[in-house]
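Take a look at the structure below.
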Amino acid sequence: MPSNKGDGAVAASLHQRGCLESPSSLPVGGAASASPDPSHIWLPELVQRYARSLSCNEVACTLRLVNKATAAQFRGPQDRTVRLSLPVPHHAFVQRWRAMGALRGLTVIQREQLSWLTACSGSIANLEVLLAREDCACCLDALRAAAAGSVPLAPAAGLPLGLYGPQRSSGGGGHQDVCEWLLASGCPWSDWAAGRAARGGHVGLMDWLLGTGHVSPSKGLVEDAAAGCDLPTLQRLHSTHFTQQLGEAFKERVMAAAAGSLTADWRAKVEWLEGQGFPRTAEACVQAVKQPNGRGRLEWLQQRGYPLDGGVAVAAAEVGVVDALQYVLESGVALDQRTIGMAAREAARRGQLAVVQALHARAFDVAVAATAAAERGHLPVVAWLVEALGAANVLSAAVIRSAAVSGSMELLAWLVEALGTEKVLLAKVFASAARSGNMELLAWLHDRGCPWDESVFAAAAEAGCEEQLEWLAARGCPMPGAGAALASPDPSRIWLPELVQRYARSLSRNEVACALRLVNKATAAQFRGPQDRTVRLSLRVPHHAFVQRWGGVGAMRSLTLSQRRQLPCLTARSGSITNLKVLLLGDNLSGVVDKDEVLAVAAGAGQLKVCRWLCQYQRYPPDNGVIRALLAAARGGQQAVCEWLLDIGCPWGEEAPAEAARGGHVGLMDWLLGRDWLQGPEALVGKGLLAGTAAGCDLPTLQRLHQTHQLYDNISKEAVMASAAGSLTADWHAKVEWLEGRGYPRTAKAFAEAVKQPDWRTRLKWLQQRGYPLNGYIAVVAASVGAMDALQYVLELGVTLDERTALHARGFDIAGAATAAAGRGHLPVVAWLVETLGANKVLSAQLFASATRPGKIELLAWLHDRGCPLDKSVFVAAVEAGCEEQLEWLAARSCPMPEDGEAYARPACNDDLATLKCLLRLGCSLGPDGRAFTCALENIWYSRAGTTSNGRRDSAWWVAAEAGLQHGLPWLLEQLGPHVDWDAVELMGRTASSEVDEDIKAWKSELLDRVYEMREAA
């Protein structure tokens, strides 16, 4: 008799699900009625009904275990198989996988599949069981992908019952709770997680990932949305996240994803993408033919002009769609032998016998196809090939080894029967079988006397199945590395990929890039993604790696002057004083560092220790240089740094509350406004404060401050309105409307700020509908920020394609847009303008000169290849940019150099000794009579930057001038010797005596005294 206890427990469970009637509804008839006989309830027809309310895994793990009769009733393979990609009852999962040694029978690959499939199921409780184990290969990146969307899994032959999952476990994706749990467990953020969710059709999860702010939309997001989401979602993502021009190759992938999409509106997506200029290519047909209605999709796409090629035939062969393959072949597509061979190989690998038979007449490499079929254990394909062509033409050593790797005992037994034991039962075959992890196959080979050697044990160790290794050792299988080698453990057995992944979770991104990846080639290959190879200088960099990269001679040759000045700023932001000392105390950046900016960046990042060290190292007086740090700290919301700066005597800056508001830090803004030492005029404070509030704060805060800091001049009002139009707050529309109601003007400045934002298209359309005017400056702004789609949108507003030549007449400064784009290094924008308007309207020496600013050799090479003119102004601009590699590149292409010594002036003033030495090395003339020295001196002497509108010295320029006096001018004197026109210097001295302003006269006199001291020293 079956156990009543088991029946009652399951009956209670089913009652909770509403599968059984309440006991109160049963007839009452004494003791028999009070204790119903389970056999009266547990009837086969009723149990079948209960099963329909349960999942397949609940049937396999719970219902079948009630009694023998139920087990016999559900004895089919579909009832006994546990699908790990679907939720498994927790008690059954724990019983199978939590015990010590539960994973002994699995290979490394199978342990990885176990964690992937469990993540796909969405069961956090089960996933915790695996993560708690030391021997489970849980790669958190793979788990995140499985939870967010679809993870392609290749089923391994010989997998134990319960590990065989679907080939693409997309049904288990979209689990936001699993994603949240994984991230809380230390899983690093990844930009492709949102794309995985989109490909799985999980729009809510995708939006959640994007909304966290940790995930940046990648180009692949549009492709994934085209594959898994509906048309409105695709349109939203395309317009919101992608303002850059998309390359043709990427557009082809997006169109192909839409053509192969499983959504009901796949046709509408294809038609919409066609309207956006996405190309019609054969890749779309390749993806379409892989779907269940592949033949119908192919016919529809062909009617719309999509071409067919050999790749479509290969795809049809892969999925076994014979009618689609015949359709391609009958369409007249010419297939070369390589394509036919590839199609046959992929069909054989997937066991598509009908396709192999259809391709047989076209003569493919039979041995390759047979090997591919044997790799997956497809006996029918191998047997048919042998029957059709003969064993001698089909069966080879590679086929036999592939059959062993597949773990298919049936195929290997068939080969023994066909070829004999002497050709099949070899040590190499035993080693191949050891990689499969199939214990039954190993026992079968051993029982038949198959020889073994050290390679068999090594192959089993590589597979990583403990049970298999113990089985081999118990039967005396030879082990590699006898004697002393065994006393020294092989590092490869400790440095396993799954363990390395765990090590990486405890390291920062820069430690992974600079240390972990360098351990060996396998680790470098494991962490080969851009996110693993990129060193972020704004985060802490391991000191040894920082010294190796930036401490050597010539380490800065590829950097422009601007980038050299930015390097210590980023290092200060990271908070590493030891790395900052390498830069500031070394010789590579001598004189070119803007120490005020370094302090400001550290203050903005809240690095108080770095700020204290900088002030001690630089012996800062509490002057305007420290005010920059105060403003940066306010912008970054760093109240502790603000308090410290004010405590050490930093002068008050009226812009500080405005900067705090621009950063969205309302509390800090109110704290700064509430200080007693607010010294500026109320109008001066309000002018920047309202603009900052409009940019960074919400509407109620703007309304509150507007009552106390009203503006009356139109210029200030225009700035406030533009800040609101470019605000990143959710209520930017409301702020713009409210300001309009207060009489703030509608100007093109609002467009210029809106076009810089990710959702520029929505903003521009909305502003245009409200009557905001467009002008050429907006095109220049779009070009300067590299917003290709935005630039194209602006240029085409009301302008047809054949009217673009009249853009200058319409007020669009195309040359200015191109120059701005080149100055920021945006090659795609420059290329588009050249292609659209013609090289003669865009390419100029002025454009080339602007292109030297970012220091990108590839941009210069692109311009040079298209005949962009070179003249002296280009070389002078490159000198000002200060990149040695760039100067050498221009000199190698015979770019004209100034002969009057002018080229030396700016680097001498900047104290840029590296550029000065590079010019001398390239043979750039110092000019007649030492003209280089007087040019440099005049740059300091006559520049308007040397004085303010009140005739007072500007501190930033004076710092630069001091730098030039420290190293730049003395270096020039050393090179020129007596060849300096001192008469010109004395003439400058006589003009100084006639200065009316006493401060300027004293400053020029001091400057000349310093110059004459240099002369004496030289």
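So the sequence shown is numbered by my numbering: it starts at 10 and just counts up by one.
Just so it is clear, CB atoms sit at the ideal spot from N, CA and C, and this is done for glycine as well.
Treat the numbers as computed from the prediction; the structure is a model and nothing was measured.
When DSSP labels each residue in this structure, what does residue i get in the three-state scheme?
| i | result |
| --- | --- |
| Asp239 | coil |
| Arg142 | coil |
| Lys744 | helix |
| Thr348 | helix |
| Ala739 | coil |
| Ala442 | helix |
| Thr127 | helix |
| Ile657 | coil |
| Tyr315 | coil |
| Gly689 | With a pLDDT of 49 at Gly689, under the threshold of 50, the modelled position of this residue cannot be trusted; read the value that follows with caution. It is coil, neither helix nor strand. |
| Ser585 | coil |
| Phe83 | coil |
| Met565 | coil |
| Asp605 | helix |
| Ala343 | coil |
| Phe536 | coil |
| Thr272 | coil |
| Tyr802 | helix |
| Cys624 | helix |
| Val1020 | helix |
| Thr116 | coil |
| Gln285 | coil |
Beta carbon of residue i, beta carbon of residue j: below 9 Å?
| i | j | result |
| --- | --- | --- |
| Leu398 | Val375 | yes |
| Leu868 | Val839 | yes |
| Leu388 | Ser411 | no |
| Leu334 | Leu368 | yes |
| Leu931 | Pro916 | no |
| Gln572 | Gly834 | no |
| Gly314 | Glu292 | no |
| Ala406 | Lys437 | yes |
| Gln1038 | Gly114 | Residue 1038 lies beyond the range of the chain shown here (10 to 1027); nothing can be said about it. |
| Cys933 | Ala912 | yes |
| Ala392 | Trp423 | yes |
How big is the Cα-Cα spacing for residue i and residue j?
| i | j | result |
| --- | --- | --- |
| Pro1035 | Glu520 | For residue 1035 there is no data in the structure shown, the boundaries of the chain being 10 and 1027. |
| Ala353 | Phe373 | 7 Å |
| Ala829 | Gln801 | 15 Å |
| Gly210 | Ala401 | 50 Å |
| Ala642 | Val650 | 6 Å |
| Ala826 | Gly939 | 39 Å |
| Ile724 | Leu776 | 19 Å |
| Leu1017 | Asp707 | 54 Å |
| Ala128 | Val138 | 12 Å |
| Pro837 | Ser882 | 24 Å |
| Leu495 | Cys486 | The predicted model places Leu495 with a pLDDT of 41, which falls under 50 and marks its position as unreliable, so this point remains unresolved. |
| Glu983 | Ala638 | 37 Å |
| Thr569 | Cys944 | 22 Å |
| His455 | Leu317 | 51 Å |
| Gly560 | Phe259 | 40 Å |
| Trp480 | Cys70 | 29 Å |
| Leu240 | Val323 | 29 Å |
Residue range of the alpha helix (DSSP H) that residue i falls in?
| i | result |
| --- | --- |
| Gln540 | Pro539 to Arg542 |
| Gly204 | Ala202 to Arg208 |
| His674 | Segment: none, His674 is in no alpha helix (DSSP H) and carries neither H nor E. |
| Phe857 | Ala854 to Ala860 |
| Tyr753 | Run containing Tyr753: none; DSSP gives neither H nor E here. |
| Trp1 | What the structure shows of the chain is the stretch from 10 to 1027, and residue 1 is not part of that stretch, so it cannot be assessed. |
| Gln296 | Ala291 to Ala297 |
| Val364 | Leu362 to Leu368 |
| Asp456 | Met448 to Asp456 |
| Asn849 | Ala848 to Val851 |
| Ser547 | Neither: Ser547 is in no alpha helix (DSSP H) and is coded neither H nor E. |
Would you say the beta carbon of residue i is closer than 8 Å to some non-hydrogen atom of the ligand ADP?
| i | result |
| --- | --- |
| Ala887 | The ligand ADP is absent from the structure shown, which contains no ligand whatsoever. |
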